[in-house]
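Please read the structure below before turning to the comments.
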Amino acid sequence: MTESVTAMPLTWPPAWPRALDEVMGQPPPRGDYRASPEDFKVEECLGFAPEGEGEHLWLWVEKRDLTTLELARRLARACEVGVRDIGYSGIKDRVAVTRQWFSVHLPGRATPSDLSMRLADTPVRVLEQVRHPRKLKRGVHRANRFELRLTGEVVRDPGVERRWQWLCEHGVPNYFGPQRFGPGGRNLINARAVLARGWRKRDDREGMLLSTARSYLFNTLLARRLTAGHWASALPGDVLILDGTASQFRADIIDAELRERLRQLDLHPSGVLWGTGRLASQADAAAYEQALAIAEPELCEGLQRAGVRMSRRALRVRLGAPALMRDDATLTLSFELPRGAFATAVVRELMAHPDL
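In full-length UniProt numbering, the protein residues as written are 1 to 356.
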């Protein structure tokens, strides 16, 4: 692979290609989603159960039209603790109805008996309370379950079932969704400015700007490999990730067994999340990733100066337990994605929308 990656213009949204445009021979029809929070439902799949005792109170909550960070602040006030005493695994969408776990550090203190009353002015319901010995840490949940309602032209599209079936059989490009970049790509603009002058913790306490820069670079890499037809198939030197796990290995030779496992969605090619360290990929796969440093030197060098370490992300994601239901006015999709994958990456393959 000798062709270099060219930097995408700072316009929004970037023209990242869809997998289905070539398959279907045309872009998807227009559609709408998230007309109300009830159109976008998310449920966190933790993958284990709290133990029932300990100094941390774990809360299974449902929130509506509220960010995870704002709910953490409100829980801290309601339980009379600091925000640092609140734990959660994943940041969920604001314009949505979401269910997820939070933890509250209450050493030597009883569970507030009037917690629901203290949260009465908050669009949240406490569904379950249970104790656990440890704080809920970021990124420990296994997956998220989605139920989405789409409206508009896409509902009348006779090809939508074919599109959906193709995604179920072949997987979905694992793009970071538009939420990561903010309205009009504002987070990326801010990330460029912060990294150009030198990242400091006080400018980005949650690390969101670092994540934004890495996400943009990853999407750029995925877009290039998708255009070249290598997003779902492996190149020599690719690092392959076992579906549903963090297990990975480099494949210097792509034999028939590996190609079959890739076809069955048991393995996925991966791309770099930029930072310090050496690329785990080699040969043809590494050439795509090395080209990022040429195309976006300010972002790559800024991330390295910030000290964030390189890691890997699958280029493709498999839909778990997928289902599609249609009536006269709506399409309802339900599916499960591993943590870190975006439902909006699925939706943009099915319909065109300005936010996607």
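A virtual CB, placed ideally from N, CA and C, is assigned to each residue, including glycine.
**Asked** Alpha carbon to alpha carbon, what distance is there between tyrosine 288 and leucine 315?
**Response** 13 Å
**Message:** What does the alpha-carbon distance come out to for the pair glutamine 282 and serine 103?
**Reply:** Roughly 42 Å between the two C-alpha positions.
**Asked** How far does the beta strand (DSSP E) with isoleucine 91 in it reach, from first residue to last?
**Response** No beta strand (DSSP E) holds isoleucine 91; DSSP gives it neither H nor E.
**Request:** Over the uninterrupted beta strand (DSSP E) stretch that includes asparagine 190, give me the two end residues.
**Result:** Note, asparagine 190: premise wrong, no beta strand (DSSP E); alpha helix (DSSP H) at 186-197.
**Request:** Look at the Cβ atom of cysteine 45, then the Cβ atom of histidine 132, and state whether they are nearer than 9 Å.
**Result:** no
**Request:** With serine 311 as the anchor, note down where its alpha helix (DSSP H) starts and where it stops.
**Result:** Annotation for serine 311: no alpha helix (DSSP H) segment contains it, though the beta strand (DSSP E) segment containing it runs 311-314.
**Item:** Rounded straight-line distance, which links the Cα of methionine 117 to that of glutamine 264
**Value:** 50 Å
**Asked** Exposed or buried, glycine 31, counting other C-beta atoms within 10 Å across all chains shown (16 or more means buried)?
**Response** Looking at its Cβ environment, which holds 16 or more other Cβ atoms inside 10 Å, glycine 31 is buried.
**Message:** I'd like the list of long-range same chain contacts for alanine 293, defined as Cβ closer than 7 Å, with 5 residues on each side in sequence excluded.
**Reply:** Cys300
**Message:** Using only the alpha-carbon positions, how far apart do tryptophan 16 and alanine 223 sit?
**Reply:** 6 Å
**Prompt:** Going by Cα to Cα distance, which pick from Arg318, Leu333, Leu356 is closest to alanine 172?
**Reply:** In the sequence as displayed, the identity of residue 172 is valine instead of alanine. Among Arg318, Leu333, Leu356, the Cα nearest to that of valine 172 belongs to Arg318.
**Residues bridged to arginine 200 [DSSP beta-bridge criterion]** = None; arginine 200 has no bridge partner.
**Asked** Is methionine 325 helix, strand or coil when you go by DSSP?
**Response** strand
**Message:** Suppose contacts are defined by Cβ-Cβ distances below 9 Å. Is tryptophan 199 in contact with glutamate 128 by that definition?
**Reply:** no
**Request:** Let me know the beta strand (DSSP E) ranges lying completely inside the UniProt domain "TRUD" (171-317), each 3 residues or longer, listed in chain order.
**Result:** If we require 3 residues or more, the beta strand (DSSP E) runs fully inside the UniProt domain "TRUD" (171-317) come out as 238-242, 248-251, 267-273, 311-314.
**Message:** arginine 64 and proline 123 - do their beta-carbons sit closer together than 9 Å?
**Reply:** yes
**Asked** Where alanine 352 and glycine 152 are concerned, what is the direct C-alpha to C-alpha distance, given to the nearest angstrom?
**Response** 10 Å
**Prompt:** Applying the criterion that 16 or more other CB atoms from any shown protein chain within 10 Å of the CB defines a buried residue, is alanine 256 buried or exposed?
**Reply:** So alanine 256 counts as exposed.
**Asked** Which residues does DSSP pair with tryptophan 60 in a beta bridge?
**Response** Trp101, Glu128
**Message:** Just to confirm the assignment, what range does the beta strand (DSSP E) spanning glutamate 43 have?
**Reply:** 40-45
**Item:** Nearest candidate by alpha-carbon position, reference leucine 106, set Gly237, His56, Phe181, Phe335
**Value:** His56
**Prompt:** Quick one: does the C-beta of cysteine 300 sit closer than 8 Å to a heavy atom of the ligand HEM?
**Reply:** The ligand HEM is not part of the structure shown, which contains no ligands of any sort.
**Asked** Which term fits lysine 41, buried or exposed, when burial requires 16 or more other beta carbons within 10 angstroms of its beta carbon?
**Response** buried
**Asked** What separation, rounded to the nearest whole angstrom, lies between the Cα atoms of arginine 125 and glutamate 62?
**Response** 5 Å
**Message:** Distance check for glutamate 349 and phenylalanine 342, CA to CA, integer angstroms please.
**Reply:** Roughly 12 Å between the two C-alpha positions.
**Asked** Run through DSSP, which three-state label would alanine 15 get?
**Response** Assigned with DSSP and collapsed to three states, alanine 15 falls in coil, not helix or strand.
**Item:** Alpha-carbon to alpha-carbon, aspartate 85 and arginine 309
**Value:** If you take the alpha carbons of arginine 309 and aspartate 85, they lie about 26 Å apart.
**Message:** Tell me the DSSP secondary structure of leucine 148 in three-state form.
**Reply:** strand
**Asked** Given 8 Å as the limit, is there contact between the stretch 221-239 and the stretch 192-208, that is, 3 or more CB pairs closer than that?
**Response** no
**Prompt:** In three-state terms, what does DSSP make of phenylalanine 48?
**Reply:** Three-state DSSP puts phenylalanine 48 in coil, outside helix and strand.
**Asked** valine 83: buried (16+ other C-beta within 10 angstroms of its C-beta) or exposed?
**Response** By the beta-carbon neighbour count (other beta carbons within 10 angstroms, threshold 16), valine 83 is exposed.
**Request:** Locate the beta strand (DSSP E) running through serine 334, then write down its first and last residues.
**Result:** Counting along the chain, serine 334 sits inside the beta strand (DSSP E) bounded by residues 331-338.
**Item:** Where aspartate 114 falls, given that 16 or more other Cβ within 10 Å makes a residue buried
**Value:** Exposed is the label assigned to aspartate 114, since fewer than 16 other Cβ atoms lie within 10 Å of its Cβ.
**Neighbour-count burial assignment, arginine 214, 16 or more Cβ in a 10 Å radius** = buried
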